[in-house]
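A.B. asks:
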Amino acid sequence: MVTDNNLNLNKSEESAGKVSTPEWHVLGAGAVGCLWASKLALAGAAVTLITRDTSLATGKQNIQFRTTGDDAVIDVPVSLQTSQSLSRLNQAIGHLVLATKSYDAVTALASVKQLCSTDTQVICLANGLGFHQQLEDLLSPGRLTVGVTTDGAALDKALSVTHTGHGTTLLGYRQNHLPPIDSLPSIQPAVDLQWQTSNDIESAMWQKFLVNCAINPLTAIFNCDNGELCSNSQYRDTLRLLCVELAAFLPFSPLANKNFDVFQQAIKVAEATAANISSMRRDHQLGRRLELEHLNGYLLTLAKEHAIDCPLNRDLCSQLQAGN
Ligand code: KPL
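Each residue of the sequence shown is one higher than the one before, starting from 10 at the first, in this note's numbering.
1) Between which residues of its own chain and residue 174 is the CB-CB distance below 6 angstroms, once the five residues before and five after are set aside?
2) Can you give me the start and stop residues for the alpha helix (DSSP H) that residue 136 sits inside?
3) Here's a check: name, in chain order, each residue in its chain whose Cβ is nearer than 7 angstroms to the Cβ of residue 165, leaving out the five neighbours to either side.
4) Contact defined as beta carbons within less than 8 angstroms: I believe residue 155 pairs with residue 108. What is the distance between those atoms, to the nearest angstrom?
5) Figure out for me which residue from 82, 221, 48, 37 has the closest Cα to the Cα of residue 63.
6) Quick one: is the Cβ of residue 288 within less than 7 angstroms of any heavy atom of the ligand KPL?
7) Could you have a look at residue 288 and say whether DSSP puts it in helix, strand or coil?
8) Hey, could you find the ends of the alpha helix (DSSP H) residue 306 is sitting in?
9) In terms of DSSP beta bridges, what is residue 33 paired with?
10) Run through DSSP, which three-state label would residue 20 get?
11) Can you list the alpha helix (DSSP H) stretches of 4 or more residues lying completely in the stretch 225 to 253, in chain order?
12) Can you look up residue 71 in the DSSP assignment and give me helix, strand or coil?
13) To the nearest angstrom, report how far apart residue 23 and residue 44 are at their CA atoms.
14) I'd like the list of long-range same chain contacts for residue 325, defined as Cβ closer than 7 angstroms, with 5 residues on each side in sequence excluded.
15) May I ask whether a heavy atom of the ligand KPL can be found less than 7 angstroms away from the beta carbon of residue 59?
This is the structure we're talking about:
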């Protein structure tokens with residue numbers, strides 16, 4: 010169930026002092042991290058953006074923020090730090106958005122753990138599955154909120170971000186971990202992004218996971234925009250085949266018995282993001298590490314566990330790991 014909880018910061022409430030805008034730390038200065046840092050800062054929060062890019066000067070910096078379809082470029086002030094400089098400042102972290110790549114999430118959180126207290130609230134926006142337990146193990150019980158977002162963002166260069174698509178972020182606790190979902194609003198992400206609480210976040214995580222496992226590797230291999238997976242009949246056929254393989258994992262997921270159609274959902278997302286360069290295609294083009302191990306690679310682990318044959322997925326993983 011999703012609780013409609015449109016808690017966008019209302020400017021008049023803000024000036025009346027009704028909405029608290031505490032300090033926020035955002036870990037990861039990629040597209041999603043810069044989007045959240047900008048939106049939180051624009052909503053009045055004091056934002057520290059934590060980067061691992063040591064070539065950037067720490068201290069006061071501006072993020073250049075744009076929205077697709079709007080020519081305005083807004084300079085958004087944040088404090089830019091590395092985990093090392095933050096440790097030197099010994100700055101306590103109360104609210105943290107974890108917006109790294111999935112393969113960095115655990116190391117990144119561990120790098121600031123000494124600045125977290127038992128009250129620190131973390132919202133993890135990283136894609137994929139298979140690492141959340143490790144994050145929870147670093148925190149006090151009930152302090153990890155998972156965010157599943159459909160907002161689109163692109164990093165044009167360091168600290169320069171475009172909000173490319175307005176989506177929604179679902180926030181919830183895994184396995185309905187206590188505390189109950191009702192306490193979520195206490196984290197008050199006073200951010201001008203649409204968000205809702207969900208008491209079935211694992212279903213949302215799996216839906217996004219399967220769609221990413223379908224769209225991301227194929228757009229990387231075919232070097233095509235998301236929309237071409239629908240419009241090109243050869244690509245669409247391959248997508249359909251891959252989705253048949255992905256559907257074999259549904260009985261072992263929170264989506265079992267929920268009539269989730271992987272192919273239909275993948276087509277819907279590919280159409281809705283037709284002009285997008287998927288994150289994996291972008292990383293592949295730039296020769297960067299791919300987010301495979303918590304997407305299609307994680308499926309290979311599950312395939313072994315449940316004796317599921319997924320030759321196309323295996324082949325895609327091998328090709329992408331080989332850098333093809
Ligand atoms: O989440 C995405 C990604 O690129 O990682 C999709 C939904 C495929 C949009 O591009």
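Glycine residues also receive a C-beta, built at the ideal position from the N, C-alpha and C atoms.
C.D. replies: Let me spell this out:
1) Residues of the same chain with a CB within less than 6 angstroms of the CB of residue 174, apart from the 5 flanking positions on each side, are 161 in chain order.
2) In the DSSP assignment, residue 136 falls outside any alpha helix (DSSP H), carrying neither H nor E.
3) Here the set comprises 171.
4) Between residue 155 and residue 108 the beta-carbon gap is near 13 angstroms, outside 8 angstroms, which marks them as no contact.
5) Considering only alpha carbons, the answer is 37.
6) Yes, the ligand KPL has a heavy atom inside 7 angstroms of this Cβ.
7) Residue 288: helix per DSSP, three-state reduction.
8) First-last of the alpha helix (DSSP H) with residue 306: 305 to 315.
9) As a beta-bridge residue in DSSP terms, residue 33 pairs with 56, 104.
10) Any reading at residue 20 must be qualified, since the residue scores a pLDDT of 33, below 50, and its modelled position is unreliable; the value itself is stated next. Three-state DSSP puts residue 20 in a helix.
11) Runs found: 237 to 240.
12) Strand.
13) Caution applies to residue 23, whose pLDDT of 39 falls short of 50 and renders its modelled position unreliable; the model cannot decide the point.
14) Contacts found: 226, 230, 305.
15) The nearest non-hydrogen atom of the ligand KPL is 7 angstroms or more from the C-beta of residue 59.
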